[in-house]
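Going by the working numbering, the sequence shown runs without a break in its numbering and finishes at 192. The beta-carbon is built from N, C-alpha and C at its ideal position, and this holds for glycine as well. All remarks here apply to the structure that follows.
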Amino acid sequence: MTEWFGSKFPQLHEAGGTLTASLKNIAQRMKTDNSIKEITIASINRKVMNPESWIYSKVCLENKSEEFTLEENELPIFEINSSKAKTIITTRHIIEKENENICFVSFDEIDDVIYGDFKKQINKPELSKFRIVDIFGEQYDFQMETGKASIGLINSINTVLKLKASR
């Protein structure tokens, strides 16, 4: 195969073993759902405080979701479970189920994330909203737990976005 590539792309042939090394680098940069989950949970664990005090939020240690049907190999990372809605951050999507309505957005289509400034509120609620703007300009609001649990949510979303961008 390297010889065929070399005959079709002489500049690669001149580089010798560079082609094989480049293919290995590409394979190493492609992150699996499992590696995205492991890296993200490690990042969350380094930055959060007192996860046992969170009321609605939790890091998903299992590789399945009871509430949501996920794509093949897609893994749950973080969830917010309130009486109003159930929200999950996975290796590929942000999904929320409120009543029987399901709202979701793919990480590949996220353009901006707006968490809001709930820190300055005097009597802040336990739950707030964060907004996703996709590459098509559509806006989606999802629930988030305020306080220390918000660090877990923000970290999970930001880490997955960084990992997806580095592919």
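- When beta bridges are read from the DSSP output, CYS128 appears opposite GLU121.
- Collapsing the DSSP output to three states places LEU100 in coil.
- Taking each of ILE182, SER181, THR112 and LYS173 in turn and checking the Cα distance to ASN75, the smallest one comes out for LYS173.
- The three-state reading of DSSP puts ASN88 in coil, since its state is none of H, G, I, E or B.
- Judged by DSSP in its simplified three-state form, LYS83 adopts strand.
- The shortest CA-to-CA distance from LEU100 to any of GLU123, ASN106, ILE113 and LYS109 is the one to ILE113.
- Between ARG71 and the set LEU188, LYS189, ILE105 and SER181, the nearest pair of CA atoms involves SER181.
- Between GLU170 and ILE119, the beta carbon gap of about 15 Å keeps them out of contact (Cβ cut-off 8 Å).
- Going by DSSP, SER175 is part of no beta strand (DSSP E) but of the alpha helix (DSSP H) stretching over 174-190.
- Only residues of its own chain outside the window of five on either side were considered, and among them PRO76, PHE103, GLU104 and ASN106 have a CB closer than 8 Å to the CB of LYS83, listed in chain order.
- Residue state for ASN59 is assigned as helix, using DSSP reduced to three classes.
- Under the DSSP assignment, SER107 falls outside any beta strand (DSSP E); it carries neither an H nor an E label.
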